[in-house]
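Right, dumping it as structure tokens:
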């Protein structure tokens with residue numbers, strides 16, 4: 001039974017260490033995406049060639 005208490009304490013300590021490392025990484029900007037904004041300019045999805053239909057002139 002003492003082993004279970006030891007394992008629970010150890011697992012909580014490891015979980016707190018990983019949680020602290022995660023918050024440190026988020027705070028220091030480790031997950032900021034610096035690659036996508038530069039590529040977004042190259043793959044812009046604006047369509048400037050829109051088809052316009054004029055139904056009035058088609059019948060004439």
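In the UniProt record's numbering, the protein residues as written are 1 to 60.
For each residue, glycine too, the CB sits at the ideal point set by N, CA and C.
This one's a predicted model, so the numbers in the text were calculated from it and none came from an experiment.
Contact check, residue i vs residue j, beta carbons under 8 angstroms
i	j	result
residue 31	residue 25	yes
Residue i in three-state terms, based on DSSP
i	result
residue 39	helix
residue 31	coil
residue 1	coil
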